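Adding 89 to a residue's 1-based position in the sequence shown gives its number in the working numbering.
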Amino acid sequence: MEKNLLAFLIALQNTELNSVNEPNLKELSNELELLSKQTAIITEDWQNIQADMDDILTQHSLLNTSYHKIINQLNNVEITIDLLPTLTEIEAIMPADSKIKTLGGKPGQDKGHSDEINNVLKISKTILNNENPQEASKTLLKQLYEWLQQSK
């Protein structure tokens, strides 16, 4: 599912911001926020997230086309941690009042999820909550996007 989220976020880069239904992006972000607070993520949770993404994708043909091209590429590669943004890079584009807090734990230690899931959830929430998701995606996922372009 992490690849599905990353493909969706990268596809946002190629979509006119006014063509994306922003309330649906906020709703998806809220779902991801709830997911990140759960102690365990079950298949049904991922299915609900995918259904939310599918709802957005069916409303926007350009986003849908881009998503499917990117997910096909991602499904054929292994994404390494060095292709994803660091916590510092994520925080750099967040408003000051929403910086990631680490009370009672270490950064990246959220509810027992794997580091990969935690990172993708943080990236997703940050991009989807940004005033300009398209630009946030370009900033945070630039390295992964460029790597995918070279891997074609």
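Cβ atoms here follow ideal geometry from the backbone N, Cα and C, with glycine treated the same way. Quantities reported herein were computed from a predicted structural model and do not represent experimental measurements.
Handout entry: Same chain only: Cβ atoms within 6 Å of L101, ignoring 5 sequence neighbours per side
Key = Taking the first residue of the sequence shown as 1, we reach residue 101 at position 12. Cβ neighbours of L101 beyond the five flanking positions: P222, Q223 and S226.
Practice task
Out of M183, K158, E133 and L229, state which residue places its alpha-carbon closest to the alpha-carbon of S173.
Solution key: Stepping through the sequence shown from its first residue, residue 173 is reached at position 84. Reading the sequence as shown, one finds Leu at residue 173 and not Ser. When only C-alpha atoms are compared, the closest one is L229.
Exercise for the section: Look at T98 and I216 and say whether their C-beta atoms are less than 8 Å apart. Expected result: Taking the sequence shown and counting its residues from 1, one reaches residue 98 at position 9. Taking the sequence shown and counting its residues from 1, one reaches residue 216 at position 127. Residue 98 is actually Leu in this sequence, not Thr. Between L98 and I216, the CB-CB gap stays under 8 Å.
Problem - Close Cβ partners of D141 (< 7 Å) along its chain, the five nearest in sequence each way excluded - result: Position 52 of the sequence shown, counted from the first residue, corresponds to residue 141. Shown here for D141: same chain residues with a beta carbon closer than 7 Å to its own, the five before and five after excluded, namely E116, L117 and E120 in chain order.
Practice task
Answer with yes or no whether the minimum CB distance from N103 to chain D is below 8 Å.
Solution key: No chain D appears in this structure, which consists of one protein chain only.
Problem - Per-residue burial, L151 [other beta carbons within 10 Å of its own, 16 or more giving buried] - result: Taking the first residue of the sequence shown as position 1, residue 151 is located at position 62. It counts as exposed.
Practice task
Leaving out five residues on either side along the sequence, give the residues of the same chain with a beta carbon under 6 Å from the beta carbon of L163.
Solution key: Sequence index remark: in the sequence shown, residue 163 carries index 74 (1-based). Correct list, in chain order: K92 and A96.
Exercise for the section: Out of L210, I160 and L114, point me to the one whose CA is closest to E220's CA. Expected result: What you label residue 220 is simply residue 131 of the sequence shown in a count that begins at 1. When only C-alpha atoms are compared, the closest one is L114.
Exercise for the section: Tell whether a beta-carbon distance below 8 Å holds between S155 and N103. Expected result: Taking the sequence shown and counting its residues from 1, one reaches residue 155 at position 66. Taking the sequence shown and counting its residues from 1, one reaches residue 103 at position 14. Yes.
Exercise for the section: Confirm, please, whether the CB-CB distance from M90 to Q139 is below 8 Å. Expected result: Stepping through the sequence shown from its first residue, residue 139 is reached at position 50. Stepping through the sequence shown from its first residue, residue 90 is reached at position 1. Between Q139 and M90, the C-beta gap is smaller than 8 Å, which places the two residues in contact.
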